[in-house]
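Written out below as structure tokens is the structure these notes cover.
In my numbering, the protein residues as written are 783 to 1118.
Written out as structure tokens, the structure reads:
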């Protein structure tokens, strides 16, 4: 794994870890552990990929002690994505597990589920609804269903995007519907000099018109001019509050715009950045996802996508997400 490449003295001042976020801030130059190891009473099995690890020996249906919790935070800082297999969790178990990693947000701004707490987002595919979407509930017809999901970072169109998400698979299709992950630390570290220079000091607008399945969100209209759209702006790279490392921060591609650029030039640069970031060398391309899988991802340094699957198979997952911190840039802003 490459080391972070400083661009200026001011960047190094901003890139100091916030010790209140993680109990174990990581040094800026470090190598991710690649062999299995034991810590905090459990085993960490790093994925044979640019990021991710399976945690063995933790049961979230039981309360965890402080030693285990602190070690889980350290593992998350090291690997960005953590997976626990064969978890048998109630809704309350998942809420308790999510709170280990941060304050849970209410998800009622996305959808309201009468039978679930407001912190739970239901992600479902119902074969009977797919056969006649016109008769399906509105929240389902504008949802994700069995569609492929683009690479994205959750809720990047908000002023303060969530820190991370904890995703629990309750029913899985026999094939497909697998979530993959992309290492944005590596994408930044490996950027060629011309792209690194092109993004230094630059912010982009993040649009929320479409969800990650390219469905128009309720009450939204695609912008006529992305350069004047009233959208949240974030830097194209961000300092991770817990590790002090820098990650490329693209968020989502649909109607994205680099501030201060002619729209045509913005499109050209964004196409180059997205094409570079989506190389297989940065991706954990997973091969299976089963009921009982519990997956924690870090929105600040990773993106994720999802394979499509047979709409005739049911898929049910519950997601909670943890409140984040304001996005901090590694350099002063430049426009024009």
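Don't be surprised by glycine CBs; every beta carbon is placed ideally from N, CA and C.
These numbers come from a predicted model, not from an experiment.
Where residue i falls, given that 16 or more other Cβ within 10 Å makes a residue buried
i: residue 953; result: exposed
i: residue 1094; result: exposed
i: residue 989; result: buried
i: residue 973; result: buried
i: residue 1116; result: exposed
i: residue 938; result: buried
i: residue 1099; result: buried
i: residue 1020; result: buried
i: residue 860; result: buried
i: residue 915; result: exposed
i: residue 987; result: buried
i: residue 801; result: Confidence at residue 801 is low in this model, with a pLDDT of 39, below 50, so its placement is unreliable and no value can be given for it.
Cα-Cα separation between residue i and residue j, rounded to whole angstroms
i: residue 1001; j: residue 890; result: 16 Å
i: residue 887; j: residue 873; result: 15 Å
i: residue 961; j: residue 1079; result: 11 Å
i: residue 936; j: residue 1033; result: 7 Å
i: residue 998; j: residue 921; result: 12 Å
i: residue 951; j: residue 1103; result: 15 Å
i: residue 884; j: residue 993; result: 24 Å
i: residue 813; j: residue 1026; result: 14 Å
i: residue 1087; j: residue 959; result: 10 Å
i: residue 1118; j: residue 949; result: 40 Å
i: residue 982; j: residue 975; result: 11 Å
i: residue 897; j: residue 875; result: 16 Å
i: residue 1121; j: residue 1090; result: No information on residue 1121 is available, as it lies outside the stretch 783 to 1118 that the chain covers here.
i: residue 911; j: residue 1072; result: 23 Å
i: residue 1048; j: residue 1005; result: 15 Å
i: residue 1068; j: residue 817; result: 18 Å
i: residue 900; j: residue 924; result: 19 Å
i: residue 955; j: residue 919; result: 22 Å
i: residue 853; j: residue 826; result: 10 Å
i: residue 786; j: residue 1035; result: The pLDDT assigned to residue 786 is 32, lower than 50, so where the model puts this residue is not dependable; a value taken from the coordinates is nonetheless given after this. So the alpha carbons of these two residues sit roughly 24 Å apart.
i: residue 856; j: residue 902; result: 25 Å
i: residue 957; j: residue 904; result: 20 Å
i: residue 995; j: residue 841; result: 32 Å
i: residue 1061; j: residue 882; result: 32 Å
i: residue 941; j: residue 1063; result: 30 Å
i: residue 845; j: residue 879; result: 9 Å
Residues that residue i bridges to, as DSSP identifies them
i: residue 933; result: The partner list for residue 933 (beta bridge, DSSP) is empty, contrary to what the question assumes.
i: residue 828; result: 835
i: residue 949; result: 1077 and 1101
i: residue 1087; result: 962
i: residue 821; result: 824
i: residue 1019; result: 1030
i: residue 985; result: 1017
Within-7 Å CB hit, residue i to chain D
i: residue 1055; result: This model lacks chain D altogether, as it is built from one protein chain only.
CB contact flag (residue i, residue j, <7 Å)
i: residue 837; j: residue 858; result: no
i: residue 1039; j: residue 1008; result: yes
i: residue 1065; j: residue 964; result: yes
i: residue 863; j: residue 839; result: no
i: residue 1022; j: residue 1082; result: yes
i: residue 933; j: residue 1085; result: yes
i: residue 871; j: residue 843; result: yes
i: residue 947; j: residue 1101; result: yes
i: residue 1106; j: residue 909; result: no
i: residue 1003; j: residue 1037; result: no
i: residue 815; j: residue 832; result: no
i: residue 1074; j: residue 869; result: yes
i: residue 1052; j: residue 980; result: no
Three-pair Cβ contact test at 8 Å for the segment 814 to 828 versus the segment 845 to 860: Result yes; three or more Cβ-Cβ pairs closer than 8 Å.
The segment 1039 to 1047 contacting the segment 960 to 974, beta-carbon criterion three pairs below 8 Å: Judged by Cβ distances under 8 Å, the segment 1039 to 1047 makes no contact with the segment 960 to 974, as fewer than three pairs qualify.
Cβ contact (3+ pairs, closer than 8 Å) linking the segment 1016 to 1035 and the segment 1100 to 1117: The segment 1016 to 1035 vs the segment 1100 to 1117: in contact.
Touching by the beta-carbon criterion (3+ pairs, under 8 Å), the segment 922 to 932 and the segment 1051 to 1063: At 8 Å Cβ cutoff, the stretches do not touch.
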